[in-house]
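Contents: one structure, followed by commentary.
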Amino acid sequence: MSERITVDARGMACPGPITKLVRAYRKASPGALIEVLATDPGFKPDVEAWAKRTGNEIVELAEENGVIRAVIRVTGKK
Amino acid sequence: MERILVLGAGTGGLVAANLLASHGYPVTLIEKRETHLFQPGMLWIAFQGHNPSRYTRPVKELVRPGVELVHGEVAGIDLGDRLVRLADGRTFTYTTLIIALGAHLDYDATPGHRELVERYGDFYSGASAAEKMWSHLRELTSGRLVIAAADPLYKCPPAPHKAAFLAAYTLKRMGRLGSVEVHLALPFLHEYPSEVVARIVAPKLEDDGVRVSTLFTVESIDVREGKIYSLEGEELDFSLAAVIPAHRGPMIRVEPGEVLDEDGFIKVDKYRLNVEGYDDAYAIGDSSNAPTSKTGVTAHLGAEVVVDRIMGYDSRFNGRTNCPIVADGTASFVISSYGHPPVPVKFTRFKRMLEDLFIASYWSSLKYPERWAPIFRAYFNATDPRVISGGW
Numbered sequence: 546m547s548e549r550i551t552v553d554a555r556g557m558a559c560p561g562p563i564t565k566l567v568r569a570y571r572k573a574s575p576g577a578l579i580e581v582l583a584t585d586p587g588f589k590p591d592v593e594a595w596a597k598r599t600g601n602e603i604v605e606l607a608e609e610n611g612v613i614r615a616v617i618r619v620t621g622k623k
Numbered sequence: 013m014e015r016i017l018v019l020g021a022g023t024g025g026l027v028a029a030n031l032l033a034s035h036g037y038p039v040t041l042i043e044k045r046e047t048h049l050f051q052p053g054m055l056w057i058a059f060q061g062h063n064p065s066r067y068t069r070p071v072k073e074l075v076r077p078g079v080e081l082v083h084g085e086v087a088g089i090d091l092g093d094r095l096v097r098l099a100d101g102r103t104f105t106y107t108t109l110i111i112a113l114g115a116h117l118d119y120d121a122t123p124g125h126r127e128l129v130e131r132y133g134d135f136y137s138g139a140s141a142a143e144k145m146w147s148h149l150r151e152l153t154s155g156r157l158v159i160a161a162a163d164p165l166y167k168c169p170p171a172p173h174k175a176a177f178l179a180a181y182t183l184k185r186m187g188r189l190g191s192v193e194v195h196l197a198l199p200f201l202h203e204y205p206s207e208v209v210a211r212i213v214a215p216k217l218e219d220d221g222v223r224v225s226t227l228f229t230v231e232s233i234d235v236r237e238g239k240i241y242s243l244e245g246e247e248l249d250f251s252l253a254a255v256i257p258a259h260r261g262p263m264i265r266v267e268p269g270e271v272l273d274e275d276g277f278i279k280v281d282k283y284r285l286n287v288e289g290y291d292d293a294y295a296i297g298d299s300s301n302a303p304t305s306k307t308g309v310t311a312h313l314g315a316e317v318v319v320d321r322i323m324g325y326d327s328r329f330n331g332r333t334n335c336p337i338v339a340d341g342t343a344s345f346v347i348s349s350y351g352h353p354p355v356p357v358k359f360t361r362f363k364r365m366l367e368d369l370f371i372a373s374y375w376s377s378l379k380y381p382e383r384w385a386p387i388f389r390a391y392f393n394a395t396d397p398r399v400i401s402g403g404w
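Same order as they appear, the protein sequences are chains U and H. Take the first sequence: its letters are residues 546 to 623, numbered as in this note's numbering. Take the second sequence: its letters are residues 13 to 404, numbered as in this note's numbering.
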């Protein structure tokens with residue numbers, strides 16, 4: 546099983562969720578999964594842009610009851 | 013016997029202590045430094061060569077009669093026993109505590125960072141580091157000046173932008189902008205964390221000759237090779253560089269430890285500013301985890317709220333920011349509050365005059381906050397983000 550990090554950024558306004566994601570990414574090993582929970586509607590386009598620019602893979606991106614759940618596989622780190 | 017203890021003589025601590033003294037409360041203020049530094053002044057020292065004496069004052073000249081000033085370093089706080097311990101072993105008890113100890117700059121989080129600051133100085137580590145930066149900038153005739161950050165969370169969100177604007181202006185006056193590239197490397201998706209602000213700042217940066225990289229979070233620095241590497245996998249060569257260090261909460265021991273968040277900031281009720289679970293202890297300014305920008309303005313406004321609450325009023329902090337973005341002859345402000353994202357504020361000469369007035373009023377507003385309160389209140393009400401939501 547690969548390492549899995551969960552980041553709870555619910556209730557945080559932009560750019561809080563991305564800041565928390567960047568910090569988790571710093572600590573994550575290649576191949577790890579980072580799960581981010583956020584309620585800020587701006588998080589969805591932001592996480593997509595972030596993943597595209599940094600070469601990381603979004604495994605899952607869904608919204609349920611106002612909570613956005615993004616699961617990212619760390620593929621951008623050597 | 014009543015004793016209000018204020019920890020830290022930065023902006024928030026001085027405003028709180030002086031206001032309380034003006035209302036006749038017995039206040040003790042504990043501070044480890046002899047000198048107070050107006051922190052935005054470091055930008056003017058580092059990138060425009062201002063004399064540091066403009067931005068520093070002895071702490072003892074900034075406290076009013078009625079404030080007992082204690083020179084010492086806080087080592088620990090026991091919230092349950094209402095006890096504060098200093099590094100030299102002295103202890104103080106309190107009836108009400110105000111924690112205003114600021115943020116800790118963590119140079120060790122980034123390999124090569126200490127060496128970079130020792131070699132070139134910066135605009136975060138103190139007046140002498142800023143002077144050192146200036147001594148290198150004035151000698152820079154070619155190559156690249158990089159302004160960057162080690163983490164997206166740092167005090168004064170527009171500080172790197174101001175650094176780039178002021179440096180570009182200085183180099184232009186010296187006739188070297190062009191042979192020297194000013195490169196702003198930001199850890200955000202856009203030119204500013206808020207896209208609304210980014211849309212205003214980006215064209216201004218371009219006009220003023222500043223190159224920008226986004227999503228560049230400094231991971232390590234190789235001073236000898238002159239290279240900065242980012243977490244996102246990119247690198248930048250530099251001839252001169254200033255990197256904003258990662259921030260964390262004050263380096264003190266706090267009991268119970270649950271009141272600290274994962275980065276060591278003190279958890280507070282974001283409106284009342286009391287430490288989570290304690291009615292007799294508050295945290296203001298950079299040391300708290302209140303979800304707003306870490307700036308002198310939020311520390312000042314937070315101090316006013318806490319003093320009101322100590323006096324029995326039900327004042328609430330609204331998270332208001334007013335972060336100036338200073339450019340050549342003009343300025344804009346990042347204006348937001350809890351529940352209201354930043355509004356579009358254009359760069360104008362009038363706003364630059366306002367910012368210069370705020371800077372000029374600084375020492376007086378620390379010592380006599382009640383004299384400035386009606387003036388600031390009028391400004392903050394007139395520029396409430398709900399009032400100017402369409403832009404200013």
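Positions of the beta carbon are idealized from the N, C-alpha and C atoms, including for glycine.
_N-terminal and C-terminal residue of the beta strand (DSSP E) that H/F104 is part of_ = For H/F104, the uninterrupted beta strand (DSSP E) segment begins and ends at T103 to T105.
*Could you tell me whether the Cβ of U/A594 comes closer than 8 Å to any Cβ of chain C?*
No chain C appears in this structure, whose protein chains are U and H.
*asked:* Would H/L157 and H/A142 qualify as a contact pair, given that the criterion is a beta-carbon distance under 8 Å?
replied: Their beta carbons are not under 8 Å apart, which means H/L157 does not touch H/A142 by this criterion.
*asked:* Using a Cβ distance threshold of 8 Å, determine whether the segment 89 to 99 of chain H contacts the segment 220 to 232 of chain H, with at least three qualifying pairs required.
replied: Between the segment 89 to 99 of chain H and the segment 220 to 232 of chain H there are fewer than three inter-stretch CB-CB distances shorter than 8 Å, so the stretches are not counted as touching.
*What first and last residue would you give for the beta strand (DSSP E) that runs through H/Y241?*
Following the DSSP letters along the chain, one finds H/Y241 inside the beta strand (DSSP E) bounded by residues K239 to S242.
*Any residues in the segment 224 to 249 of chain H with a beta carbon nearer than 9 Å to a beta carbon of chain U? Which ones, in chain order?*
The residues in question are T226, L227, T229, E231, L243, E244 and G245.
_Neighbourhood of H/E203 by C-beta distance below 7 Å, restricted to the same chain and skipping five residues each side_ = Shown here for H/E203: same chain residues with a beta carbon closer than 7 Å to its own, the five before and five after excluded, namely A210, V213, A214, L217, V224 and T226 in chain order.
*Counting Cβ pairs closer than 8 Å, one from the segment 393 to 400 of chain H and one from the segment 340 to 360 of chain H, do we hit at least three?*
A contact is defined here as three or more CB-CB pairs under 8 Å, and the segment 393 to 400 of chain H meets this definition with respect to the segment 340 to 360 of chain H.
*Ends of the alpha helix (DSSP H) at H/T23?*
From DSSP, the alpha helix (DSSP H) with H/T23 extends over T23 to S34.
*Any idea if H/M323 is buried or exposed, counting beta-carbon neighbours within 10 angstroms, 16 or more meaning buried?*
Classification for H/M323: exposed.
_Entirely enclosed beta strand (DSSP E) segments - the segment 134 to 182 of chain H, minimum 3 residues_ = Here the runs fully enclosed are 155 to 161.
*Taking only beta carbons into account, state which residues of the segment 158 to 174 of chain H come closer than 8 Å to chain U, listed in chain order.*
If the cut-off is 8 Å between Cβ atoms, the segment 158 to 174 of chain H has D163, P164 and L165 near chain U.
_Contact set for U/G621: own chain, Cβ-Cβ below 6 Å, skip 5 residues either direction_ = Excluding positions up to five away in sequence, the list reads T599, G600 and N601.
*Please name the residue in H/A112, H/A162 and H/G22 whose C-alpha comes closest to that of H/P123.*
H/P123 has its Cα closest to that of H/A162, out of H/A112, H/A162 and H/G22.
*Taking U/V592 and U/A569 to be in contact with their CB atoms under 8 Å, please state how far apart those CB atoms are, rounded to whole angstroms.*
12 Å between Cβ atoms; not a contact.
*asked:* Quick check: the segment 17 to 33 of chain H against the segment 53 to 63 of chain H, are at least 3 beta-carbon pairs closer than 8 Å?
replied: Note that the segment 53 to 63 of chain H does not touch the segment 17 to 33 of chain H; fewer than 3 beta-carbon pairs, one per stretch, sit closer than 8 Å.
*Among H/A99, H/K44 and H/V318, which has the Cα closest to the Cα of H/V281?*
According to the sequence provided, residue 281 of chain H is Asp. The question's Val does not apply to it. Closest in C-alpha terms to H/D281, from the list H/A99, H/K44 and H/V318, comes H/V318.
*Beta-carbon separation of H/T107 and H/R188 under 8 Å?*
No, the Cβ-Cβ distance between H/T107 and H/R188 is not below 8 Å.
_Beta-carbon contacts of H/S34 that lie in its chain and below 6 Å, excluding the five residues immediately before and after_ = Around H/S34: E382.
*Of all Cβ atoms in chain U, is any one closer than 8 Å to the Cβ of H/L201?*
With its beta carbon less than 8 Å from one in chain U, H/L201 belongs to the interface.
*Does the separation of the CB atoms of H/A115 and H/K167 fall below 8 Å?*
For H/A115 and H/K167, yes; Cβs fall inside 8 Å.
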